[in-house]
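Data first, discussion second: the structure below is written as structure tokens.
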Amino acid sequence: MTKNIKNKISTMILLLGFMVFVFKPLQLVSQTKSILDSVITFKAKNISLYEGLNEIGRIIGYDFSYNSDLIATNDKINETHNEIKLRDLLSTILDDTTLTCYTVDKQIIISKKNLISSLSSKQFYTNSENIFQVIGNIYDKNSGDPLAFANISLLGKSFGTVSNDQGSFNFKLPFKYIPDTLVISYIGYKNTYIPVNQLSYNNNNIYLEEDHYQIQEVIIRSNDAKTILKEATDKIKENYFTDPYLITSFYREIITNKENLVGITEAVLEVYKSPYWGLFSDQIKLIKSRKNEYYSQADTVSLKLKGGLYASLYLDIIKNPTYFLTEEYFFLFDYEIDKIVKFDNSSAYVIKFKPKSYLDENSFEGIIYVSTDNLAIVEVVFSLTSEAIEKLGNNLVVKRAFGTKVKPTAAKYLINYRKINDKYFMNLARGELDFKVKQRKKLFSTEFKTVFEFASNNIDMTDVNRFERIETISMNNVFIDESFQYDNQFWGEYNYISPDETLEQALIRIQKKLNELEEE
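This is how it looks when you write it as structure tokens:
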């Protein structure tokens, strides 16, 4: 054997000693199993990452595809693994937690973990080619609890949405806003700012840090709360956009029987918000809608919500002030500054209030949040007192069947406002009504909960005109529309409040049952 041949053999043996792959045959892997879950044995010493990936691809029959700017292909790897899953091996040799691997046909794609900045495939597009979506959850940083109805918006822009009652959100944005910054705000917490291009398409878990101020008792006077509210109402023209504007909004009504969903109506609306002072009222134009109801044969009671759309817009209590925000009726309530909390990169007074005595339909108690910077009322959470619920019960029920008693047990409301370019606009309105329904000759009553939610997604202040009458829908009727297949893509480019997990499961269950009935 010549010296050259000996050198070639020595080189081959040396290479095999440093890099050995044993791939378990594909026929031993379940057809439903990803190639990334296949097991290989891998031994390598002082070879480049580029060479390692090429050899893995040759043996398993797959090609690797990646942006060379993302991976240091010239880095040397020295690894020894016996029977390791391919995905674990790739994670080890890539050594970058921001990278992910997935398969398309016979290729293994290596990319950043769904970062918006790496948009390159239509698989991430929604129905509109110019729209992308960001899905995530908002949590308390310390407790890990979800933050319901957190505000999510673009810094300085009119686009926004809110998280649902489980802290989840789905925000759809035009591609032109990729260079912008997402702002997440929640009363009592520091604002969080995230560049849109650093977000993922999904699984964005965002944690907000709680922050509040302590108020020394010595600086609190008995009339401070009323003084603050008087100044706040005096500054409405200064703080709020009081001219006409348009809102693209998401609206939803939910009816549950105990924990079971029995009805849901959802709609994308365009709303004409009339001037705060004038003769014209608000108008609503229906863009998209869907509805479903499900009552079993054992159910003998059904419940419907009337006037939910009207109630949503009437909850704009800056435009439609109730007694507790009207100076001439302040003497009927007790007000107290409870604390100061962080809000929207500033702070807000927390003012508690309750009626001194029964005030019929104005017997509300709750909390008013007032900005310490400009004295704008940014959020109000309130409810009818237990006495009012007891005395006004029949007024909350429009119609009941003969022999049926309907007893309201709670009525809770929320309204908040979003700041855009130094002016505040209606952002979220929510109502929650609880009832007990008792039928004659029935031993037990049935508990129902109705919820209506109105979330502003986009605000338009230019070229604002009233709708033609034929374009509008009534706000006072029971909101009825066609049945639907529950599909996340149904809403196209429109933002909506993400269904919480139990609601989403219930919708799927209901639709499955309806499909079964249609097939019988």
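Just so we're aligned: the sequence shown equals residues 0 to 519 in numbering that gives the first Met the number 0. Glycine included, every Cβ here is placed at the ideal spot set by N, Cα and C.
In the displayed model, ASP359 falls within a helix according to three-state DSSP. When only Cα atoms are considered, ILE193 and GLN165 end up about 21 Å apart.
Bridge partners of ALA409 according to DSSP: ASP433. DSSP, reduced to helix, strand and coil, places ASP87 within a helical segment of the structure shown. Around the beta carbon of VAL195, a 10 Å sphere encloses 16 or more other beta carbons of the protein chains shown; the residue is thus reported as buried. In this structure, LEU181 sits away from ILE130, with a CB-CB distance that is not shorter than 8 Å.
Cβ neighbours of ILE316 within its own chain (closer than 7 Å, five residues either side excluded): LEU324, VAL379, ILE414. A direct Cα-Cα distance of roughly 15 Å separates PHE249 from ASP459. About 6 Å separates the beta carbon of ILE350 from that of ILE336, a gap short enough to meet the 8 Å contact definition. A direct Cα-Cα distance of roughly 30 Å separates TYR61 from LEU198. In the DSSP assignment, ASP459 is bridged to LEU245.
Counting other Cβ atoms within 10 Å of its Cβ, LYS272 reaches 16 or more and is therefore classed as buried.
If the five residues before and after LYS284 are omitted, its C-beta is found closer than 8 Å to the C-beta atoms of LEU268, GLU269, VAL270, TYR271, PHE466, GLU470, THR471, ILE472, all from its own chain and listed in chain order. In this structure GLU230 is exposed. Its beta-carbon is surrounded by fewer than 16 other beta-carbon atoms within 10 angstroms. In the three-state reduction of the DSSP assignment, GLN132 falls in the strand class, which pools E and B. Under a 10 Å Cβ-count criterion, PHE443 is classified as exposed, with fewer than 16 other Cβ atoms of the shown protein chains found around its own Cβ. Rounded to whole angstroms, the gap between the alpha carbons of ASN169 and PHE329 is 40 Å. Take the alpha-carbon of LEU48 and the one of LEU207: they are about 39 Å apart.
PHE451 places its beta carbon less than 8 Å from that of GLY430. Comparing alpha carbon positions, the residue from PHE41, LEU383, ILE39, LEU228 closest to ALA347 is LEU228.
For LYS156, there is no enclosing beta strand (DSSP E), as DSSP gives it neither H nor E. Annotation: ASP36 to ASN457 spans about 44 Å, alpha carbon to alpha carbon. Take TYR357, set aside five residues on each side of it, and the residues of its chain with a beta-carbon closer than 6 Å to its own are GLU386, in chain order.
A check of alpha carbon separations from ILE107 across ASP95, LEU89, THR96 identifies LEU89 as the nearest.
Take the alpha-carbon of TYR368 and the one of ASP74: they are about 56 Å apart. Between TYR423 and TYR239, the gap from beta carbon to beta carbon is short of 8 Å. Contact between ALA266 and SER280 does not hold, since their C-beta atoms are separated by about 19 Å, which reaches or exceeds 8 Å. For the pair ALA149 and SER167, the CB atoms are not nearer than the 8 Å cut-off. Secondary structure note for ALA347: its beta strand (DSSP E) is the uninterrupted segment 345 to 354. Around the CB of GLU252, 16 or more other CB atoms lie within 10 Å, so the residue is classed as buried. About 11 Å separates the beta carbon of ASN259 from that of THR445, a gap too long to meet the 8 Å contact definition. Counted as a single uninterrupted DSSP element, the beta strand (DSSP E) harbouring ILE205 occupies residues 203 to 207. Under the DSSP definition of a beta bridge, ASP333 partners with LYS353. Across the set GLY159, LYS435, ASN475, the C-alpha of ASN475 shows the shortest separation from the C-alpha of SER311. When C-alpha distances from THR264 are compared across GLY143, LEU245, ASN201, ASN291, the shortest belongs to ASN291. Every beta strand (DSSP E) of 3 residues or more that sits fully in the stretch 157 to 181 is shown, in chain order, as 159 to 161, 167 to 173.
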